[in-house]
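Engineer: Here my numbering runs 61 ahead of the position in the sequence shown, where the first position is 1.
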Amino acid sequence: MNLVVFLVLLGVLSFLAALYVDWLWFSSVGFSNVFKTLLLNRVGIYLLVFLLTLLLFYVNLRLTRRHLGEYIRPDETDEGREIIYLNQEKSPFQEFLHGKMARWVFLGVSILGALMISSTAADNWIVVQQYINRVPMGTVDPIFSKDIGFYFFNLTFYRFVYGTLMAALVLTTVVVGFVYMLNASTELLFGDWRQFTFAKS
62 MNLVVFLVLL GVLSFLAALY VDWLWFSSVG FSNVFKTLLL NRVGIYLLVF LLTLLLFYVN
122 LRLTRRHLGE YIRPDETDEG REIIYLNQEK SPFQEFLHGK MARWVFLGVS ILGALMISST
182 AADNWIVVQQ YINRVPMGTV DPIFSKDIGF YFFNLTFYRF VYGTLMAALV LTTVVVGFVY
242 MLNASTELLF GDWRQFTFAK S
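(1) Mapping the DSSP letters down to three states, classify Val240 as helix, strand or coil.
(2) Out of curiosity, what's the CA-to-CA distance linking Asn185 and Leu108?
(3) Determine which residues share a DSSP beta bridge with Val201 and list them.
(4) Go to Leu122, then tell me how far its alpha helix (DSSP H) extends in each direction, as first and last residue.
(5) Please report how far the alpha carbon of Leu80 lies from the alpha carbon of Leu176, in whole angstroms.
(6) Given a cut-off of 8 angstroms on the beta-carbon distance, is the pair Thr114 and Val237 in contact?
(7) Taking the straight line between their C-alpha atoms, what separation do you get for Val95 and Gln191?
(8) Could you check how far apart the C-beta atoms of Leu232 and Gly174 are, in whole angstroms? I think they sit under 8 angstroms.
(9) In this structure, does DSSP put Arg195 in helix, strand or coil?
(10) Cα separation between Asn102 and Phe111?
(11) In terms of residue numbering, what span does the alpha helix (DSSP H) encompassing Phe167 cover?
(12) Do you know how far the Cα of Thr200 is from the Cα of Arg123?
(13) Going by other Cβ atoms of all chains shown within 10 Å of its Cβ, with 16 needed for buried, is Phe259 buried or exposed?
(14) Is DSSP giving Ala245 helix, strand or coil here?
(15) Do you know how far the Cα of Ser179 is from the Cα of Ile187?
(16) Given this structure, state the Cα-to-Cα distance separating Gly224 from Ile106, to the nearest angstrom.
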C-alpha cells in the first residue's frame, strides 16, 4: 500500500512541476488567459476520465472478488478411498484474495489504472475543444454527403472516446484475468497431484 501511495504522489508532483513550468512560460509571453483555458480543460478532462475509470476498475474488481469460487477438495476418491493431502488447502494467493487486505489493494490498483488512462486522456484536451467548438466548413464530401468538418472535428473526437474506452476495458480485463489466475492457483500450484490415499484392506 505504501508503494501505491508513493507512486501516486510521484505522479502528482511530476504533473505539478510540468504545470508550473508551463505557467512560467505562458506568463512570460503575456498569454496567461490561454494558460488558464488550457489548464481548466486538462484538469476537467482528467478528473472526469479519472472518476469514470476508477469506478469501472473498482466495481469490476469488487464484483470479481465477490464471485470468486473457492476450491473444495474431495474427501475421497471415486473408489471410496480416503484422500490425505500433504499440502495446505489454500494457496497464499487465495488466502489474500479472500482476506480484508484485498479491498485496499484493489482500490490502489484501480487508482493506478485510472491515473494511467486519465493522464493520456488529458493530453488530448484540444481534441475535445475542437469538437465542442466545431463549425461546418461548407463543403460536402461526395461519398457520404457529410460536411468535411465532420472528419476534422467529430470523427477525431469519436476516435478519442473509443480509444479511451478500449484502453480502460483492456486494462480491466487484464487485471480481472490476473485475479482469477491467482484464485485458481490452488488447483494449478497446489493441486491433487500432491496427495496419497489409504489402500483398502
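The beta carbon of each residue, even a glycine, is placed where N, CA and C say it ideally should be.
Structural biologist: According to the data block:
(1) In the structure shown, the three-state DSSP call for Val240 is helix.
(2) One C-alpha to the other measures close to 13 angstroms.
(3) Among the bridge pairs identified by DSSP, Val201 is matched with Asp208.
(4) In the DSSP assignment, Leu122 falls within the unbroken alpha helix (DSSP H) covering Ser93 to Arg127.
(5) Cα atoms of Leu80 and Leu176: separation of roughly 16 angstroms, rounded to the nearest angstrom.
(6) Cβ distance not < 8 angstroms, so Thr114 and Val237 don't count as in contact.
(7) One C-alpha to the other measures close to 15 angstroms.
(8) The beta-carbon distance between Leu232 and Gly174, rounded to whole angstroms, is 5 angstroms. This is short enough to meet the 8 angstroms contact definition.
(9) In the displayed model, Arg195 falls within coil according to three-state DSSP, outside both helix and strand.
(10) Linking Asn102 to Phe111 through their CA atoms gives a straight-line distance of about 14 angstroms.
(11) Note, Phe167: alpha helix (DSSP H), Met162 to Ala183.
(12) Computed Cα separation, rounded: 50 angstroms.
(13) Caution is warranted here: a pLDDT of 44 is assigned to Phe259, below 50, making its placement in the model unreliable, and the coordinate value is therefore given only provisionally. Counting other Cβ atoms within 10 Å of its Cβ, Phe259 stays below 16 and is therefore classed as exposed.
(14) In the structure shown, Ala245 sits in coil (DSSP, three-state: anything other than H, G, I, E or B).
(15) C-alpha separation (whole angstroms): 15 angstroms.
(16) Computed Cα separation, rounded: 15 angstroms.
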